[in-house]
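K.L.:
Structure incoming, see below.
Protein chains: 2
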Amino acid sequence: LTERFSLRKDIIRWIIFIQIGIITALIACTIDIIIEELSRRKYTFLYNSVKDNVPLSDASDRDLLIPYLYWLLFSIVPVAFGAAMVTYIEPITAGSGIPQVKSYLNGVKIPRIVRIKTLAVKAIGVITSVVGGLAGGKEGPMIHAGAVVAAGISQGKSTTFVKDFRIFKAFRDDHEKRDFVLGGGAAGVSAAFGAPIGGMLFSLEEAASFWNQNLIWRTLVASIISVFTLNIVLSAYHGLNDFTFTGLFNLGKFDTPLKFDYFELPIFMILGVTGGLLGAAWNSLNTKINKFRKRFIPWKIGKVLEAVVVAMMGVTLACLMIYFINDCRPLGNDPTNNPVQLFCEDNEYNAVAALWFQTPEATVRSLFHDPPGSHKILTLALFTVVYYVLSCATFGLNVSLGVFIPTALVGAAWGRLLAMLTYYVFPQAEFLHPGKYALIGAAANLGGVLRMTISLSVILMETTGVETSFFFPLIIALISAKWVGDYFNEGIYDTQIQVNHVPMLTWEPLPQYKGLKARDILSKPVVCIKLHDSANYIYQMLKKCDHNGFPVVDDVRGDRRSEGRVCGIILRSQLIVILLKSLYVENKRFWLPETSIQTFRDVYPRYPSIKSVRKLDEKINYTVDLSMFMNPSPIRVNPHDSVPRIFQIFRALGLRHLLVINNENRIAGIITRRDFIYK
Amino acid sequence: LTERFSLRKDIIRWIIFIQIGIITALIACTIDIIIEELSRRKYTFLYNSVKDNVPLSDASDRDLLIPYLYWLLFSIVPVAFGAAMVTYIEPITAGSGIPQVKSYLNGVKIPRIVRIKTLAVKAIGVITSVVGGLAGGKEGPMIHAGAVVAAGISQGKSTTFVKDFRIFKAFRDDHEKRDFVLGGGAAGVSAAFGAPIGGMLFSLEEAASFWNQNLIWRTLVASIISVFTLNIVLSAYHGLNDFTFTGLFNLGKFDTPLKFDYFELPIFMILGVTGGLLGAAWNSLNTKINKFRKRFIPWKIGKVLEAVVVAMMGVTLACLMIYFINDCRPLGNDPTNNPVQLFCEDNEYNAVAALWFQTPEATVRSLFHDPPGSHKILTLALFTVVYYVLSCATFGLNVSLGVFIPTALVGAAWGRLLAMLTYYVFPQAEFLHPGKYALIGAAANLGGVLRMTISLSVILMETTGVETSFFFPLIIALISAKWVGDYFNEGIYDTQIQVNHVPMLTWEPLPQYKGLKARDILSKPVVCIKLHDSANYIYQMLKKCDHNGFPVVDDVRGDRRSEGRVCGIILRSQLIVILLKSLYVENKRFWLPETSIQTFRDVYPRYPSIKSVRKLDEKINYTVDLSMFMNPSPIRVNPHDSVPRIFQIFRALGLRHLLVINNENRIAGIITRRDFIYK
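If you're matching them up, the sequences are chains D and S in order. So the mapping is simple: the working numbering equals the position in the first sequence, first residue as 1, plus 28. So the mapping is simple: the working numbering equals the position in the second sequence, first residue as 1, plus 28.
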């Protein structure tokens with residue numbers, strides 16, 4: 029029987045993973061298509077406006093003012109709308125969402141992180157900000173979207189819509205939910221990049237805190253299903269009948285295989301080191317900006333205004349560049365959609381405008397694939413600087429935006445720039461294919477900011493279709509960048525987690541805990557509950573104290589509960605449910621027949637607060653028997669156990685509370701996640 | 029200070045990983061080159077012998093007898109030599125080594141698995157068996173070799189050579205050693221296939237039992253260094269000056285990109301299902317053969333003879349095929365080194381001989397890359413059947429051989445065969461590129477036998493240089509194969525582990541443990557030691573009882589130690605060292621000043637047995653104070669804790685002993701690894 033149940037559960041688990049893949053992809057498609065359509069319209073309009081307002085081939089004194097104002101309008105409106113939604117409706121949706129998902133997977137409770145409302149705000153937020161032209165990408169939000177989808181589907185209920193489908197109940201615990209969320213994140217990355225292996229590796233390398241062999245390939249299946257769905261939908265949308273894979277090379281396929289020689293390896297390494305330095309500087313600058321922000325912009329309206337200001341700054345800088353740099357290139361092999369002529373001759377287009385008149389993702393594509401000689405050195409140099417600063421100012425705004433694409437874009441720009449500079453000095457260096465170096469530069473910059481290695485290289489390979497042998501240069505650049513960057517600070521996601529004081533458990537115990545004992549870090553006295561305690565005591569205690577876990581004790585002398593002998597542990601949420609449902613010994617005959625652990629699953633995960641419990645009145649003297657509700661096997665340690673060892677237990681088991689007991693099995697203290705972070 | 033120590037340790041750890049990569053690659057090169065040279069000579073000799081003994085274009089009655097006898101000789105001598113070495117010198121080297129490394133990484137103590145002697149025997153074993161022409165590959169043994177190298181380097185000492193370099197002492201514990209061994213395994217796979225990402229994923233997917241984010245990229249660096257070294261050495265050996273990567277496409281590079289259409293996906297799925305069925309059948313047949321073997325061939329000489337018989341069988345079947353099948357193909361685009369003419373016309377070669385007159389690895393290459401029409405359908409059909417049976421009979425012989433290459437070979441053969449058959453029926457199906465289907469067939473068969481997905485697909489991609497978009501067909505075939513295969517039995521490595529009754533802990537608790545409590549599975553009474561116990565008691569107890577861990581207790585009433593109150597746990601090995609070094613309270617003044625945990629590290633991992641302790645005589649009444657040696661924080665659980673929960677703790681922390689204590693902190697029993705396997 030158990031075996032059949034287990035098989036059934038396994039099949040359902042697979043079905044859920046497949047559903048996660050499909051729905052995540054559909055959401056990703058929708059976001060993708062809306063962004064693409066709106067951006068196309070926006071830039072076509074601007075293109076026409078430039079055409080109408082700037083007389084061709086005529087160095088008259090009419091300037092870019094009208095197009096500039098239009099451009100500002102098209103930036104401010106969506107950005108303000110998106111920032112307002114994020115700020116006023118769901119502030120948790122700010123940023124890329126990856127640090128939050130990572131903390132969630134580490135076992136930190138983050139309220140509202142996987143709600144459907146969060147998903148809706150995030151989706152609208154990312155569409156508005158990308159269309160508004162902010163220096164960010166849709167990738168981070170898509171990972172968050174996948175996580176929400178996974179949490180929603182696997183639990184078979186939505187608290188936002190107060191709907192419980194009464195399916196998948198067996199998966200309603202944190203452990204199972206976490207596995208699904210990991211799968212959802214992977215599906216999200218895969219959909220964002222069209223990169224199934226990359227997506228799976230990304231979640232394993234960056235997001236996972238726990239590891240299980242089965243998880244690898246469940247995650248992989250979700251990723252593949254996701255990419256497959258995405259491909260079908262996008263092929264249909266673009267009117268392709270043969271369902272070819274090309275639609276998914278998000279960063280454009282390198283048509284001719286990229287070759288490299290061994291003497292280039294040191295160059296790749298230098299690019300990696302550059303990326304590490306630039307990335308570490310970016311992280312540190314961004315952290316400073318965000319600290320400043322936190323301190324000086326506490327008001328909600330200020331946050332919205334700030335986003336608008338950054339958007340205006342971006343448009344203004346772009347316009348200034350277009351206005352002052354005269355970089356005209358012959359039409360013909362121009363890969364952009366809107367070849368603005370501006371002040372150029374007929375049959376020429378403005379290379380600066382070409383960089384700015386598209387989404388950042390499209391600009392990465394241009395930098396990878398534009399033929400040699402598509403830009404002036406000055407153009408790229410200024411573009412790099414401007415975009416570096418802009419992206420640094422953008423990440424941390426109260427808008428939904430990821431950091432992947434702007435980071436890749438900055439890297440691609442300076443990678444291409446370095447190749448052009450070197451070629452300028454040594455014109456005989458034929459190997460300096462600017463697209464190749466843009467790719468390596470992107471990898472190096474990503475490595476410097478994000479500090480991931482394998483998944484980034486695989487994602488870059490999958491999104492550009494380069495051959496597997498090109499993995500080697502990419503990984504050389506990434507590893508050099510990570511190594512250099514790690515010397516200065518941590519990756520941007522970890523930095524964000526630290527800045528926000530999230531009690532995230534690291535992989536290894538911190539060195540300063542060496543030699544400490546449990547008694548040095550435990551908290552006491554501990555608020556305990558008797559095995560048979562009065563309803564009134566529990567009610568009063570919950571009102572006074574906001575702990576999340578309470579040891580259950582017996583053999584209590586008088587009222588000194590905190591010296592009792594440990595029987596188990598019970599959670600705050602369970603106690604509240606007991607009070608709400610009046611599960612008292614005295615009225616046991618009224619209990620529903622199936623009252624058990626199931627009672628708690630029904631309300632998972634949005635447990636009511638103690639305020640929702642009415643005053644007890646007549647039930648004040650009723651008794652609660654915790655023996656049937658508590659967890660009778662909490663992990664216990666001794667006061668003289670070493671902290672690094674305790675940390676390992678805590679980390680490996682994903683605990684939230686650890687009881688410290690003395691030789692008589694009585695409570696000596698309690699250790700929680702925070703005790704490993706702040707002392 | 030702690031932080032500086034920690035940084036220094038980190039740097040040393042990196043140095044060790046780099047060394048592991050280099051040395052593993054050098055060993056792999058050596059094995060590779062020797063196999064290649066010897067095989068080339070062998071097959072050139074046979075080629076000439078066929079040429080001399082079979083009159084050209086003349087259907088006379090002279091037959092293949094003399095070449096056949098030579099062939100037998102060249103098979104029997106190396107195989108007998110290799111089998112004898114394995115059997116008489118180091119039986120642990122039999123087979124691929126992957127199940128053993130996997131068990132080791134799971135925390136099972138396997139004696140002699142990571143010794144230098146083991147490495148030497150394994151290297152010679154794999155050379156002789158591949159040169160002897162057995163149906164096996166060098167991949168598994170190379171992984172094992174990498175693991176040995178890692179263990180040796182990281183510990184800075186060799187017990188075989190009784191040499192202690194007194195470096196890297198900080199890494200002398202099971203936990204650290206396990207991480208290095210994982211890196212070594214990855215370096216080994218990478219060197220075997222020239223596939224760095226594939227190698228890393230292989231160790232993570234198949235071998236790792238514990239997981240840590242840092243581990244991923246240390247392992248990756250070891251893999252990359254390994255491939256890089258391999259490439260330099262092999263390029264130099266082959267006289268290439270440009271150090272191109274092409275030498276590393278072990279299974280041959282597909283020069284034209286492999287294309288596929290969406291309507292082929294169902295076909296790939298069918299191939300996957302076929303692979304799953306064939307693989308599951310192979311596993312079950314192989315298990316039956318091995319059980320038979322274990323039962324009926326217990327003598328050492330019998331094992332050697334058996335290997336010789338299987339080798340002779342292979343040669344005989346090959347000769348019969350060559351003799352009876354008349355498959356002549358025009359010379360010209362023949363990719364084999366020895367195009368035997370045999371009974372064919374001038375300007376023709378015998379396609380059957382071409383399949384057999386090379387190492388299995390080279391045959392895989394031929395099946396992938398031979399132009400369409402290189403074989404008769406009958407040739408391939410017979411070859412598939414013969415090789416399927418041969419490889420099944422070979423895996424489990426007392427020789428050092430891996431299962432990867434023969435499995436890929438069988439799959440490539442039937443994959444190509446299916447494409448040819450379908451093309452024969454539907455000659456308009458242009459998409460049936462036989463090499464492509466050979467590749468998919470190889471993937472499907474590997475999936476059916478090994479049940480891995482991601483790493484196999486990445487390895488196949490890296491060794492054949494196909495584009496990243498071809499990942500999709502490969503993974504479809506692999507997942508279908510794994511799914512179908514898993515319905516029938518487990519992967520070959522897990523099957524082997526089970527057959528050998530290795531107490532390997534699974535990822536999840538077995539379903540039959542649901543509802544059980546600790547008291548249902550614990551062992552008691554437990555042999556305990558007092559905190560201050562007499563030397564004599566410990567000595568006598570160690571002689572009588574072979575347990576590996578002993579609870580340390582105090583508050584003992586009389587002599588009833590097993591009812592004492594738990595203070596900690598001490599290992600058998602530590603007790604023996606204490607006795608050997610006379611670390612008694614009474615002679616504390618003679619102790620070396622640095623006596624501490626270091627005392628135990630010096631003898632790690634080859635602890636002496638109790639037999640090496642002389643009788644105690646005058647020290648018989650001395651006392652041992654265990655408080656400074658024992659582990660004071662063993663994990664403890666209660667008798668009524670649930671078994672699945674205990675299993676999670678046990679698994680996540682990689683424990684060997686778990687104390688069950690009652691409410692008074694007194695011993696109720698002990699749970700070990702075996703309690704989770706056999707009950």
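Cβ atoms here follow ideal geometry from the backbone N, Cα and C, with glycine treated the same way.
At a CB-CB cut-off below 9 Å, which residues of chain S make contact with D/LEU681?
P.N.:
Per Cβ cutoff of 9 Å: GLN676, ILE677, ALA680 and LEU681.
K.L.:
With a threshold of 6 Å on Cβ separation, who are the neighbours of S/MET658 within its own chain once the five nearest residues in sequence on each side are excluded?
P.N.:
Closer than 6 Å at Cβ, skipping near neighbours: VAL580, GLY596 and ILE598.
K.L.:
Please determine if the segment 173-182 of chain S and the segment 444-456 of chain S are in contact, where contact requires at least 3 C-beta pairs separated by less than 8 Å.
P.N.:
Too few Cβ pairs lie closer than 8 Å, so no.
K.L.:
At the level of alpha carbons, what is the spacing between D/LYS639 and D/LEU654?
P.N.:
Between D/LYS639 and D/LEU654, the C-alpha separation is close to 21 Å.
K.L.:
What are the partner residues of D/PHE578, as DSSP defines its beta bridges?
P.N.:
DSSP, once it has assigned bridges, lists D/ILE598 as partnering D/PHE578.
K.L.:
Using a Cβ cut-off of 8 Å, pull out every chain D residue sitting near S/ARG41, in sequence order please.
P.N.:
Here the premise fails: no neighbours, minimum Cβ distance about 12 Å.
K.L.:
Determine, using beta carbons only, whether D/ILE699 and D/HIS685 come nearer to each other than 9 Å.
P.N.:
Yes. Within cutoff.
K.L.:
Using 9 Å as the limit for Cβ to Cβ distance, is D/LYS510 near chain S?
P.N.:
Closer than 9 Å to some Cβ of chain S, the Cβ of D/LYS510 qualifies, so yes.
K.L.:
Beta strand (DSSP E) containing D/VAL114: first to last residue?
P.N.:
Note, D/VAL114: premise wrong, no beta strand (DSSP E); not H, not E.
K.L.:
Determine, using beta carbons only, whether S/LEU474 and S/THR492 come nearer to each other than 9 Å.
P.N.:
In this structure, S/THR492 does not lie closer than 9 Å to S/LEU474 by Cβ.
K.L.:
Write down every uninterrupted run of the alpha helix (DSSP H) in the segment 527-597 of chain S whose length is 4 residues or greater and which is fully enclosed by it, in chain order.
P.N.:
If we require 4 residues or more, the alpha helix (DSSP H) runs fully inside the segment 527-597 of chain S come out as 546-549 and 563-572.
K.L.:
Taking the alpha-carbon positions, what's the D/PRO537 to D/MET480 distance?
P.N.:
The alpha-carbon atoms of D/PRO537 and D/MET480 are separated by roughly 21 Å.
K.L.:
Please state whether the Cβ-Cβ distance between S/ILE504 and S/LEU229 is less than 9 Å.
P.N.:
The answer is no: Cβ separation not under 9 Å.
K.L.:
Can you tell me whether D/MET532 is buried or exposed? The criterion is at least 16 other CB atoms within 10 Å of its CB, across all chains shown.
P.N.:
When all chains shown are included, D/MET532 counts as buried.
K.L.:
Going by DSSP, name the residue or residues bridged to S/SER263.
P.N.:
According to DSSP, S/SER263 bridges with nothing at all.
K.L.:
Determine contact between the segment 430-445 of chain D and the segment 343-359 of chain D, defined as no fewer than three beta-carbon pairs at a distance below 8 Å.
P.N.:
No, the segment 430-445 of chain D is not in contact with the segment 343-359 of chain D.
K.L.:
Could one say the Cβ of D/ASN666 lies closer than 9 Å to chain S's Cβ atoms, at least one of them?
P.N.:
So yes, D/ASN666 belongs to the interface.
K.L.:
Evaluate D/GLY280 with the Cβ neighbour count: other Cβ atoms within 10 Å of its Cβ, from every protein chain shown; 16 or more gives buried, anything less gives exposed.
P.N.:
By the neighbour-count rule (16 or more Cβ atoms within 10 Å), D/GLY280 is buried.
K.L.:
Kindly list, in the order they appear in chain S, the residues whose Cβ is closer than 7 Å to that of D/SER661.
P.N.:
In chain order: VAL665, ASN666, ASP669, SER670 and ARG673.
K.L.:
Are any of the Cβ atoms in chain D nearer than 9 Å to that of S/LYS707?
P.N.:
In this prediction, S/LYS707 has a pLDDT of 45, which is less than 50 and means its spatial position is unreliable; what the coordinates show is noted afterwards. False, the Cβ-Cβ gap to chain D never drops below 9 Å.
K.L.:
If contacts are defined as beta-carbon pairs under 8 Å, then S/SER218 and S/SER251 qualify, I think. What distance do you get, rounded to the angstrom?
P.N.:
Right, the Cβ-Cβ distance comes to about 4 Å (below 8 Å), so this counts as a contact.
K.L.:
Spell out whether any CB of chain D is found under 9 Å from the CB atom of S/GLY476.
P.N.:
S/GLY476 does not count as touching chain D.
K.L.:
Counting only Cβ pairs nearer than 7 Å, list the residues of chain D close to S/LEU262.
P.N.:
Within 7 Å Cβ-Cβ: nothing; S/LEU262 doesn't reach chain D, min ~14 Å.
K.L.:
Could you spell out the range, first to last residue, of the beta strand (DSSP E) harbouring D/ILE674?
P.N.:
No beta strand (DSSP E) contains D/ILE674, which is instead part of the alpha helix (DSSP H) from 671-681.
K.L.:
Give me the chain S residues within the contact set of D/TRP245, using Cβ-Cβ distance strictly less than 9 Å, ordered along the chain.
P.N.:
Near D/TRP245 (Cβ distances below 9 Å), the residues of chain S are GLU233, MET480, THR481, ILE482, ILE507 and LYS510.
K.L.:
Rounded to whole angstroms, what's the CA-CA distance from D/LEU35 to D/SER394? Just pull it up for me.
P.N.:
Rounded to whole angstroms, D/LEU35 to D/SER394 spans 50 Å at the Cα level.
K.L.:
Looking at chain S, is there any beta carbon in it that lies within less than 9 Å of the beta carbon of D/MET228?
P.N.:
Cβ-Cβ to chain S under 9 Å: yes for D/MET228.
K.L.:
With a threshold of 9 Å between beta-carbons, can S/GLN241 be considered close to chain D, or not?
P.N.:
Interface residue, yes.
K.L.:
Is there a Cβ from chain D that is less than 9 Å from the Cβ of S/ILE252?
P.N.:
Chain D contact via Cβ: present.
K.L.:
For D/ARG593, go through chain A and note every residue whose CB falls closer than 9 Å to its CB, in chain order.
P.N.:
Absence of chain A from the displayed structure is noted, the protein chains being D and S.
K.L.:
On the DSSP bridge assignment, give the partners of S/VAL142 in chain order.
P.N.:
Looking at the DSSP assignment, S/VAL142 forms no beta bridge with any residue, so it has no partner.
K.L.:
According to the Cβ coordinates, are S/THR52 and S/SER254 closer than 9 Å?
P.N.:
The answer is yes: Cβ separation under 9 Å.
K.L.:
Take the Cβ of S/THR284 as the centre, count every other Cβ of all protein chains shown within 10 Å, and call the residue buried at 16 or more, exposed below.
P.N.:
Under this definition S/THR284 is an exposed residue.
K.L.:
Which of helix, strand or coil does DSSP assign to S/LEU370?
P.N.:
In the structure shown, S/LEU370 sits in coil (DSSP, three-state: anything other than H, G, I, E or B).
K.L.:
Name the residues in the segment 534-560 of chain S whose C-beta lies less than 7 Å from a C-beta of chain D; which are they?
P.N.:
From the segment 534-560 of chain S, only TRP535, PRO539, GLN540 and LYS542 have a Cβ closer than 7 Å to chain D.
K.L.:
For the beta strand (DSSP E) containing D/ALA696, list its first residue and its last residue.
P.N.:
Residues 695-700.
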